[in-house]
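J.: Quick note on numbering: our numbering labels position 191 of the sequence shown as 855, and the sequence is numbered without any gaps.
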Amino acid sequence: MQDVLIVGAGSRGLTVYADYIARHPDQFRLVGVSEPRAYYREETARRHRLAPERCWSDWRELLEQPQLAPAVILATQDRDHVEPALALMERGYDLLLEKPMAPDLEQCRQLQQASRRHQRLMVVAHVLRYTPYFKQLKSLVNSGVLGQLVTLRHFEPVLFWHQAHSFVRGNWRKTADSAPMILAKSCHDLDMLCYLVDREPVRVASLGGLSHFSREHQPAGASDRCSDCLYREQGCPYSAPRFYLNLQRSGALGWPLDTITSDTSEAGVLEALASGPYGRCVYACDNDVVDHQVVAVEFAGGISATFTMTAFAKERLRETELLGSHAQLSGDGYKITLRPFGDLPAPLPDQRGQTQANGDIVWDFSHVPNHGHSGGDDGLMDFFSECLQDREKALQSRLSEETLRGHALCFAAEQARLENRLLTF
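Now the structure itself:
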């Protein structure tokens, strides 16, 4: 069992990481929390029976203490990662760092260099890597069954309501306050492209923008707050009262409902919608991040890839397709299908796939619960536990270099989009 601290006990820190710790007392014990908001700090303390002297409103207070644990889970807002991460690693703490690492590439490099200099672990929360589904996808690619990998495509449907919640009304709506959309939301996906290909990106181009969630698309007669809008009950798919009250009345009191208010009663939700940012019309917010983006990448060796992110989807199917000289490999987040063109050039890495009458081989992950990033949150924490148990092996791995590569691709894609040009690394 490892003692651990949490810095930033919000949507991820409290409801994901602290929850995992509570469910796995054989792996971790939470011994302290730093969180500026009293409700979340006190709720974390209550659930984990933390003494008042182990609860701080500012992470700097933690540094005034002797080292209390080998590791810290750092889950503050995107622009509040770098200063505490550097200070904590210098102090001797290993880190689980919420993604993205930092809002610009130079700061990402500073974090990686500090990790090396102080010989501290820095595991970044790219949870897709740790889902059973993506682990299988990676295993198949590495096995060589595709032959020569030639091209791949990946599609991320953010979902219409998630875009409205997080990236129009919510904390990640403005690049200056958080990060560009490609980093804040899609660094998971570009990390996964780099992880699957395992080559350096060479060239990148990108198109996209904010096409819909702006004042010019506000329906005639609509109010700037949903609570008193004539489209509140019908006619608008982004109605905040309809969305959040449906969650409340159905008993779905966790994310995303608990991000708009700590009082998840109907009265509490109505009050939050009447006065808070989550009750604003999606066409009358101060958002500026894109609602759709396409990225085209060339990797070393001539491998090409495309990535599409869009707000405008109802079904959460993160589709990936890898095309090789001897087979086609495709998946939708729940099922992986290998379609050989003939004899496979390498043996399958396992025999869990079911061969169909047409020769396709299928791996089914529909039994994996959809919450917690389809097992990725728990998988990440399992991995962090393994790293802490065998630090030397983890420190010798390429994990930090791989993480930086994915972030660098995000920054390059955004630069290419803004400058409307093909960017060469």
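Even glycine gets a Cβ: it sits at the ideal position worked out from N, Cα and C.
Taking DSSP as the reference, what is the three-state secondary structure of Lys999?
T.: Mapped onto the sequence shown, residue 999 falls at position 335. DSSP places Lys999 in strand when its eight states are reduced to three.
J.: Please look up how many angstroms separate the CB atoms of Pro851 and Pro764, rounded, as I've assumed it's under 8 Å.
T.: Here residue 851 corresponds to residue number 187 of the sequence shown, with the count starting at 1. Here residue 764 corresponds to residue number 100 of the sequence shown, with the count starting at 1. Note that residue 851 corresponds to Cys in the displayed sequence, not to Pro. With 8 Å as the limit, Cys851 and Pro764 qualify as a contact, their Cβ atoms being about 5 Å apart.
J.: Would Tyr902 pass as a contact of Ile924 if the rule is Cβ separation under 8 Å?
T.: Working through the sequence shown from its first residue, we reach residue 902 at position 238. Working through the sequence shown from its first residue, we reach residue 924 at position 260. The answer is no: Cβ separation not under 8 Å.
J.: Please say whether Phe1005 and Leu866 have beta carbons closer to each other than 8 Å?
T.: In the sequence shown, residue 866 corresponds to position 202, counting from 1. In the sequence shown, residue 1005 corresponds to position 341, counting from 1. Correcting the residue type first, residue 866 is Val in the shown sequence and not Leu. No, the Cβ-Cβ distance between Val866 and Phe1005 is not below 8 Å.
J.: Beta carbon of Val736, beta carbon of Leu714: below 8 Å?
T.: In the sequence shown, the residue the question calls residue 736 occupies position 72. In the sequence shown, the residue the question calls residue 714 occupies position 50. No. Outside cutoff.
J.: Could you give the distance in angstroms between the alpha-carbon of Val605 and the alpha-carbon of Tyr797?
T.: No statement about residue 605 is possible, as the shown extent of the chain runs from 665 to 1089 and does not include it.
J.: Are the Cβ atoms of Glu1078 and Pro821 separated by less than 8 Å?
T.: Counting from 1 along the sequence shown, the entry for residue 1078 is found at position 414. Counting from 1 along the sequence shown, the entry for residue 821 is found at position 157. The answer is no: Cβ separation not under 8 Å.
J.: Name the one or two DSSP bridge partners that Met786 has.
T.: Here the question's residue 786 lines up with position 122 in the sequence shown. Partner(s): Leu759.
J.: Grab the span of the beta strand (DSSP E) containing Ala735 for me, first residue to last.
T.: Position 71 of the sequence shown, counted from the start, is the residue given in the question as residue 735. Here the beta strand (DSSP E) through Ala735 covers Ala735 to Leu738.
J.: For the stretch 946–953 and the stretch 795–813, state whether three or more C-beta atom pairs, one from each stretch, are separated by less than 8 Å.
T.: The stretch 946–953, when compared against the stretch 795–813, does not touch it at the 8 Å Cβ threshold.
J.: May I have the straight-line CA-CA distance separating His881 from Ser875, to the nearest angstrom?
T.: What you label residue 881 is simply residue 217 of the sequence shown in a count that begins at 1. What you label residue 875 is simply residue 211 of the sequence shown in a count that begins at 1. Approximately 9 Å, taken between the alpha carbons.
J.: Taking Val961 as the reference, give the member of Ser929, Arg687, Arg1069 and Leu769 with the closest Cα.
T.: Taking the sequence shown and counting its residues from 1, one reaches residue 961 at position 297. Nearest C-alpha to Val961: Arg1069.
J.: Measure the C-alpha to C-alpha separation of Arg701 and Thr740 and round it to an integer number of angstroms.
T.: Your numbering for residue 701 matches position 37 in the sequence shown. Your numbering for residue 740 matches position 76 in the sequence shown. So the alpha carbons of these two residues sit roughly 12 Å apart.
J.: Can you list, in chain order, the residues of its chain with a C-beta nearer than 7 Å to that of Thr974? Leave out the 5 residues immediately preceding and following it.
T.: By 1-based counting over the sequence shown, the position of residue 974 is 310. Only Pro821, Val822 and His956 meet the Cβ criterion.
J.: Is the beta carbon of His1063 less than 8 Å from the beta carbon of Gln783?
T.: The residue you call residue 1063 lines up with position 399 of the sequence shown. The residue you call residue 783 lines up with position 119 of the sequence shown. Residue identity differs from the one stated: residue 1063 is Leu in this sequence, not His. No, these two residues do not count as a Cβ contact at 8 Å.
J.: Tell me whether Leu986 is buried or exposed, calling it buried when 16 or more other Cβ atoms sit within 10 Å of its Cβ.
T.: Locating residue 986 in the sequence shown gives position 322, where the first residue counts as 1. Buried, by the Cβ-count rule.
J.: Between Trp723 and the rest of its own chain, which residues show a CB-CB distance below 6 Å, the 5 nearest in sequence each way excluded?
T.: As a working note, residue 723 is residue 59 in the sequence shown. Excluding positions up to five away in sequence, the list reads Val671, Ser698 and Pro748.
J.: Could you give the distance in angstroms between the alpha-carbon of Ala969 and the alpha-carbon of Val958?
T.: On the sequence shown, residue 969 is found 305 positions in, with the first residue counted as 1. On the sequence shown, residue 958 is found 294 positions in, with the first residue counted as 1. Their Cα atoms are separated by approximately 11 Å.
J.: Please state whether the Cβ-Cβ distance between Cys945 and Ala884 is less than 8 Å.
T.: Within the sequence shown, the letter at position 281 stands for residue 945. Within the sequence shown, the letter at position 220 stands for residue 884. No, the pair does not count as a contact, with Cβ atoms beyond the cut-off.
J.: Grouping DSSP H, G and I as helix and E and B as strand, with all else coil, what is Asp744?
T.: For this step, residue 744 is matched to residue 80 along the sequence shown. It is helical.
J.: With DSSP as the reference, label Ala975 as helix, strand or coil.
T.: Looking up residue 975 in the sequence shown gives position 311. Three-state DSSP puts Ala975 in coil, outside helix and strand.
J.: Would you decide whether Asp690 is buried or exposed? Buried here means 16 or more other CB atoms lie within 10 Å of its CB.
T.: As a first step, residue 690 is located in the sequence shown; it is residue number 26 there, counting from the start. Burial call: exposed.
J.: Could you name the residues of the same chain whose beta carbon sits closer than 8 Å to that of Asp853, not counting the 5 residues immediately before and after it, in chain order?
T.: To locate residue 853, count along the sequence shown from 1; it is residue 189. Once the five neighbours on either side are set aside, the close Cβ partners of Asp853 are Leu792, His818, Glu820, Phe971, Met973 and Arg982.
J.: Would you please state the rounded distance, in angstroms, between the beta carbons of His630 and Ala766? I believe it to be under 8 Å.
T.: The structure shown does not extend to residue 630, since the chain spans only 665 to 1089, so no value can be given for it.
J.: Run through the stretch 923–969 for me and flag every whole alpha helix (DSSP H) of 4 or more residues, listed as ranges in chain order.
T.: For the stretch 923–969, whole alpha helix (DSSP H) runs of length 4 or above, ordered along the chain, are 930–939.
J.: Does the distance from the C-beta atom of Phe976 to that of Glu864 stay below 8 Å?
T.: As a position in the sequence shown, residue 976 is number 312, starting the count at 1. As a position in the sequence shown, residue 864 is number 200, starting the count at 1. No. Outside cutoff.
J.: Taking the alpha helix (DSSP H) that Thr708 falls in, what are its first and last residues?
T.: Working through the sequence shown from its first residue, we reach residue 708 at position 44. Looking at the DSSP string, the run of the alpha helix (DSSP H) that includes Thr708 is Ala702 to His712.
J.: Select from Val954, Gly872, Leu775 and Ala828 the residue whose C-alpha is nearest the C-alpha of Pro905.
T.: On the sequence shown, position 241 is the one that residue 905 refers to. It is Ala828.
J.: Cα-Cα, which of Val954, Ser807 and Trp836 is closest to Arg743?
T.: If you number the sequence shown from 1, residue 743 lands on position 79. Of Val954, Ser807 and Trp836, the residue nearest in Cα terms is Trp836.
J.: Are the stretch 1036–1044 and the stretch 675–694 touching, with three or more C-beta to C-beta distances below 8 Å?
T.: With a cut-off of 8 Å, the stretch 675–694 and the stretch 1036–1044 count as touching, because enough Cβ pairs lie within range.
J.: Taking His990 as the reference, give the member of Ser807, Ala931 and Gly674 with the closest Cα.
T.: The residue labelled residue 990 in the question sits at position 326 within the sequence shown. Among Ser807, Ala931 and Gly674, the Cα nearest to that of His990 is on Ser807.
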